[in-house]
Amino acid sequence: MALKIASFFSGIGGLELGLERAGCAVTFQCEAKPFCLNILQQHWPKIPRSTDIRRVKNEDVPDSDVWTAGFPCQDLSLARMGTRSGLRGSQSGLFHDFVRLLRGSLPRAVVLENVHGLLSSHGGRDFTIVLKALDELGYGLAWRVLNSKDFGVPQQRRRVFIVGVHRDAKSAGEILFEPECSDWNASTSRSNEKKSPSLFQKVVGNARKGPLVKALAHCVYAESARHTGTDWSRNYVWYPDGRVRRFTPNEVERVQGFPDNWTLPTHADEIAADRLDSLRYHAVGNAVTPQVAAWLGQRLIQVLEEPLHTVGGVKEAVEANRVAA
Ligand SMILES: C[S@@+](CC[C@H](N)C(=O)[O-])C[C@H]1O[C@@H](n2cnc3c(N)ncnc32)[C@H](O)[C@@H]1O
1313 MALKIASFFS
1323 GIGGLELGLE
1333 RAGCAVTFQC
1343 EAKPFCLNIL
1353 QQHWPKIPRS
1363 TDIRRVKNED
1373 VPDSDVWTAG
1383 FPCQDLSLAR
1393 MGTRSGLRGS
1403 QSGLFHDFVR
1413 LLRGSLPRAV
1423 VLENVHGLLS
1433 SHGGRDFTIV
1443 LKALDELGYG
1453 LAWRVLNSKD
1463 FGVPQQRRRV
1473 FIVGVHRDAK
1483 SAGEILFEPE
1493 CSDWNASTSR
1503 SNEKKSPSLF
1513 QKVVGNARKG
1523 PLVKALAHCV
1533 YAESARHTGT
1543 DWSRNYVWYP
1553 DGRVRRFTPN
1563 EVERVQGFPD
1573 NWTLPTHADE
1583 IAADRLDSLR
1593 YHAVGNAVTP
1603 QVAAWLGQRL
1613 IQVLEEPLHT
1623 VGGVKEAVEA
1633 NRVAA
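The sequence shown begins at 1313 in my numbering and counts up by one.
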């Protein structure tokens, strides 16, 4: 049987796409934004879905081995201007609703994902609150910052992943840290492995005629510079004749490791072009890079279950749940 995944704060399903690629099966999704809900429905037409975690009851969530939560990061992100309200914020505070549900079901494992600003928000106190809440429910924990550029996509994107396994800290550590990293031998750690392939040129097009690009994109943010104060223009591409343009939505999808048009809704012609682009940029900027999630999925399966190739019926279970990408 495939490892069953219930997803909270699903966005456009970057985490689920990667976990499925590894051989897990998605059982449930929860997402509030109508645009994202539409994309989820397109890719996972048969999965039960809730639209507000504050209203979800434990009996709404099908029995699952792993619960995932990429809870909103607006109140934690370093990209945000001004003070960060952290876990007291109306958005990031939805973490507490996740904990309420967790308490009622205690799935075998949890995976949390967020911006690395979670580590420093309120001098580290918010991160402590997260760890403490999971610890009090009996989860053994491990955490690690993973950067998308180390997983074959051309983007600097550092995110903190927290894995909890109920009453089993050893498995939590084994999931996030490969055995070769646990002997304190820095020379064999992931970031010192062979250099990441430079795929950026492939993502944006013809290397001779332009556009000209750097080897690696800066992190794709959900919000524009106007909202966050970050220099979004670093992700512009330029041509030898002097023209400059922003990434297209498909290029942003590629930089994030999604298949082309993952975020193109079936009713795209009913949305004004500018509005549609901005909805797509925003959704992709919020997402987990599927390649990172696929690595995590392999680790979850390896530690919690049998490896994919020995598990019968995994592909069928996955295909039954979603249409081909
Ligand atoms: C950081 S994003 C998660 C992205 C997702 N992991 C992905 O790969 O696409 C957080 C998501 O939480 C959603 N959200 C905000 N409030 C919510 C609520 N009350 N209930 C459920 N989801 C909510 C947001 O719309 C947003 O898509």
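Even glycine gets a Cβ: it sits at the ideal position worked out from N, Cα and C.
Under the three-state DSSP convention, the category residue i falls into
| i | result |
| --- | --- |
| residue 1444 | helix |
| residue 1638 | Because the chain here runs from 1313 to 1637, residue 1638 falls outside it and cannot be looked at. |
| residue 1543 | Confidence is the limiting factor: at residue 1543 the pLDDT is only 44, short of 50, which leaves the residue's position unreliable, though a coordinate-based value still follows. Three-state result, residue 1543: coil. |
| residue 1324 | coil |
| residue 1294 | Here the chain has residues from 1313 to 1637 only, and residue 1294 is not among them. |
| residue 1465 | coil |
| residue 1613 | helix |
| residue 1428 | helix |
| residue 1564 | helix |
| residue 1579 | coil |
| residue 1318 | strand |
| residue 1604 | helix |
| residue 1569 | coil |
| residue 1333 | helix |
Contact under 8 angstroms by Cβ, residue i with residue j
| i | j | result |
| --- | --- | --- |
| residue 1317 | residue 1574 | no |
| residue 1381 | residue 1363 | no |
| residue 1451 | residue 1422 | yes |
| residue 1612 | residue 1315 | yes |
| residue 1319 | residue 1342 | yes |
| residue 1616 | residue 1479 | no |
| residue 1352 | residue 1376 | no |
| residue 1442 | residue 1407 | yes |
| residue 1603 | residue 1330 | yes |
| residue 1552 | residue 1350 | no |
Interface flag, residue i vs chain B, CB-CB below 8 angstroms
| i | result |
| --- | --- |
| residue 1559 | Absence of chain B from the displayed structure is noted, only one protein chain being present. |
Residue i: first and last residue of the uninterrupted beta strand (DSSP E) it sits in
| i | result |
| --- | --- |
| residue 1408 | Careful: residue 1408 lies outside any beta strand (DSSP E), inside the alpha helix (DSSP H) at 1407-1417. |
| residue 1451 | 1451-1459 |
| residue 1381 | 1378-1381 |
| residue 1337 | 1337-1342 |
| residue 1474 | 1470-1478 |
Assumed close pair residue i, residue j - CB separation to whole angstroms, cut-off 8 angstroms
| i | j | result |
| --- | --- | --- |
| residue 1340 | residue 1374 | 5 angstroms |
| residue 1596 | residue 1549 | So it is not a contact: roughly 16 angstroms between Cβ atoms. |
| residue 1449 | residue 1424 | Not really, about 13 angstroms apart at Cβ, beyond 8 angstroms. |
| residue 1359 | residue 1338 | 6 angstroms |
| residue 1560 | residue 1469 | Not a contact, Cβ separation roughly 19 angstroms. |
| residue 1439 | residue 1430 | 6 angstroms |
Delimiting residues of the alpha helix (DSSP H) encompassing residue i
| i | result |
| --- | --- |
| residue 1347 | 1346-1355 |
| residue 1274 | Since the displayed the chain opens at 1313 and closes at 1637, residue 1274 lies outside it and no answer follows. |
| residue 1484 | 1481-1488 |
Any contact of the region 1360-1375 with the region 1409-1424, i.e. 3+ C-beta pairs under 8 angstroms?
-> yes
Answer yes if the region 1603-1611 comes into contact with the region 1463-1470, meaning at least three C-beta pairs across the two stretches below 8 angstroms, and no otherwise.
-> By the Cβ rule, the region 1463-1470 counts as touching the region 1603-1611, because three or more pairs are nearer than 8 angstroms.
Taking three-plus beta-carbon pairs below 8 angstroms as touching, is the region 1323-1337 in contact with the region 1562-1578?
-> yes
Is it a yes or a no for the region 1472-1479 touching the region 1448-1462, going by three-plus beta-carbon pairs under 8 angstroms?
-> yes
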